[in-house]
Amino acid sequence: MRAHGATIVAPATPAGTGAIGVVRVSGPESRRWATRLAPPRLPPSGRPVLRLVRDAAGEPLDRGLVIFFRGPHSYTGEDLVEFHLHANPILLERLVEALVLLGGRPAEPGEFTRRAFVNGKIDLAQAEAVADLIEARDRAAARAALRSLDGEFSRRVHALDAALREARVCAEADLDFSDQEIDADLAEGLRRALTGARRVLEDLRRDGRRGENLRKEPRVLLLGRPNVGKSSLFNRLVGEERAIVTAVPGTTRDLLEADVLWEGVRVRLCDGAGLRTSDDAAEREGVARVRQEASRADLLVYVLDASTGWTEDDRRQYHLLERSRRLAVANKADLHPPPTEGEDGPVPAVSALRGEGLASLIATLRARLVLDPVAAGEEGVYLARRRHLSALDETADHLARARALAQEGGEADLLAEEIRWAQKPLAAILGEDADGRLLDDVFHRFCIGK
Ligand SMILES: Nc1nc2c(ncn2[C@@H]2O[C@H](COP(=O)(O)OP(=O)(O)O)[C@@H](O)[C@H]2O)c(=O)[nH]1
Ligand SMILES: [Mg+2]
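If you want this note's numbering, it's the 1-based position in the sequence shown plus 622.
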């Protein structure tokens, strides 16, 4: 299944300067052109060689590594050459131009990976995992994407398909003897295969839903009365002076957001106006924004001022927050011994001014957000896409109907048909018989050169 299409060319590394920039050429002419631009004959597949690389007119461009990969033992599954030059956009562009002058076509977004898919190197779920790995925003997401890329997700989809196939074989065998009594062994085999399929499917859906969460960035909102030190704490956690801090209550109006990385996991922190009623229109709008953010944040950190402890106002505000999402923190612990207990248990104490207690606060926040991948039981979790989850939902619907039919001792041909419908979405996940529109949809989201 080699694609004998055009030979395509693109830089594989981002534009900009750096130590190494890579240009990739894939297709039947790639080796011949590489030999022309970096003579003489290239060493066997996979062996790098240091060469002077020239443009089409023979003008020297740079000295760099040239690697030839013979199809199908290449990323795309067809003959492919990589040029590793010094990363200067001018050099890389000139090399791409030279290859285009020789007859190459600039690659479309995702076209290298699309060829890998078309040539059977990877299935569609793995191709999607390439994009997910490149775009993963933190360690857990990257690990989940790598698992899919390695084919773990695809193997489980195959296993589910195999269990369904087995059930269908039983149903169809039953069909052949439909004038006789239903074979007891076949009926038992059928039930067992359907139950097995359901178990695999439910595991896949559960891990997929958990994986879907890895695409979302957890949001943490700092709340509290004006002047308790929310913005100071925000700045400390972000590591820079993002929010304006003054001794004047009501300083912060806009909702400020910043990303922090906690042991490789990305979290969105938000700071906003302190909660109070105000005559000032801008401050009122600020409070409205905080309330809106509060409705969607994953964790609401209610900041107390240690020097006042829990005020009436604090208690009232805190009570309005959903118990499962709220956490009280006592700031300004340098001024006054902080309250150690709240109604939900111990209250972490910090001093944003002195930067004390932050590590332990972050540990508490991480635990509350269940950011520890091991604690979250992340093993087996894959970075599910909507497309995968709806396909699995569809399979689940048909499988449920098939099981009901089997239970009632329904007609074998209906049953076999239902199982066939349950298998169809699985083929779609893996991209079997995928139409051009689906492939365009998947690959056009890639960048050029992937
Ligand atoms: N002593 C002390 N003062 C603090 C601490 N954190 C903030 N402040 C002061 O409290 C005042 C209000 O701080 P700010 O961060 O603007 O509070 P916000 O209104 O809740 O955002 C400023 O004068 C800060 O310097 C702290 O941990 N200890
Ligand atoms: Mg503030």
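We put the CB at the ideal spot given by N, CA and C, even for glycine.
Partner residues in the beta bridge of Trp884, as assigned by DSSP, are Val887. Two segments are said to touch when three or more pairs of C-beta atoms, one from each, lie closer than 8 Å; by this definition the region 644 to 660 touches the region 687 to 704.
Judged by the Cβ position, Arg976 qualifies as a neighbour of ligand 1 at the 8 Å threshold, a heavy atom of the ligand being closer than this. In the three-state reduction of the DSSP assignment, Cys792 falls in the helix class. One residue list follows from the rule of a beta carbon closer than 7 Å to any heavy atom of ligand 2, given in chain order as Lys852, Ser853, Ala865, Val867, Thr873, Thr874, Asp893 and Gly896. Assignment of Ser770 by DSSP, reduced to helix, strand and coil, places it in the helix class. In the displayed model, Asn857 falls within a helix according to three-state DSSP. Pairing Thr873 with Pro848 gives a Cβ-Cβ distance under 9 Å. For Ala869, the secondary structure class from DSSP, reduced to helix, strand or coil, is coil.
Contact between Asp745 and Arg716 is ruled out by a C-beta separation of about 37 Å, above the 8 Å threshold.
Judged by DSSP secondary structure, Asp1055 falls outside any beta strand (DSSP E); it is assigned neither H nor E. CA-CA distance, Ile984 to Ile1051, rounds to 39 Å. Taking the CA atoms as reference points, Gly894 sits about 12 Å from Val925. Per the C-alpha coordinates, the member of Ala762, Phe705, Asp936 and Gly931 positioned closest to Trp884 is Ala762. Counting only runs of at least 4 residues, the region 801 to 849 fully encloses the following alpha helix (DSSP H) elements, listed from N- to C-terminal order: 806 to 836.
Non-local C-beta neighbours of Gly830 in its own chain, meaning closer than 7 Å and more than five positions away in sequence, comprise Tyr1004, Ala1006, His1010, Leu1011 and Leu1014, ordered along the chain. Between Gly931 and His958, the C-beta gap is smaller than 9 Å, which places the two residues in contact. In this chain, the alpha helix (DSSP H) harbouring Val912 covers Ala903 to Arg918.
The residue among Arg988, Ala1038 and Val887 with its C-alpha nearest the C-alpha of Leu921 is Arg988.
For secondary structure counted as the beta strand (DSSP E) over 3 or more consecutive residues, the region 638 to 720 holds these complete runs in sequence order: 640 to 648, 671 to 676, 682 to 691 and 702 to 709. At a threshold of 8 Å, Ala869 counts as near ligand 1, since its beta carbon sits closer than that to one of the ligand's heavy atoms.
Taking the Cα positions, Ala880 is about 6 Å away from Arg890. Here DSSP, grouped into helix, strand and coil, assigns Asp893 to strand. Between ligand 1 and the CB of Ser900, the shortest heavy atom gap is not smaller than 8 Å. In this structure, ligand 1 has a non-hydrogen atom nearer than 8 Å to the beta-carbon of Ser973. In the structure shown, the three-state DSSP call for Tyr1004 is coil. A straight line joining the alpha-carbon of Val912 with that of Leu845 spans about 8 Å. For Leu922, the enclosing beta strand (DSSP E) starts and ends at Leu921 to Asp927. Here the region 732 to 746 makes contact with the region 1051 to 1070; the two share three or more CB pairs at distances below 8 Å.
The beta carbons of Ala869 and Ser853 sit no closer together than 9 Å. Proximity of the beta carbon of Lys1046 to ligand 1 is not indicated: no heavy atom of the ligand is located closer than 8 Å. At least one heavy atom of ligand 1 lies closer than 8 Å to the C-beta of Leu855. Judged by DSSP in its simplified three-state form, Glu879 adopts strand. Judged by DSSP in its simplified three-state form, Leu723 adopts helix. Look at the beta carbons and you see the region 941 to 955 not touching the region 900 to 912: under three pairs across the two are nearer than 8 Å.
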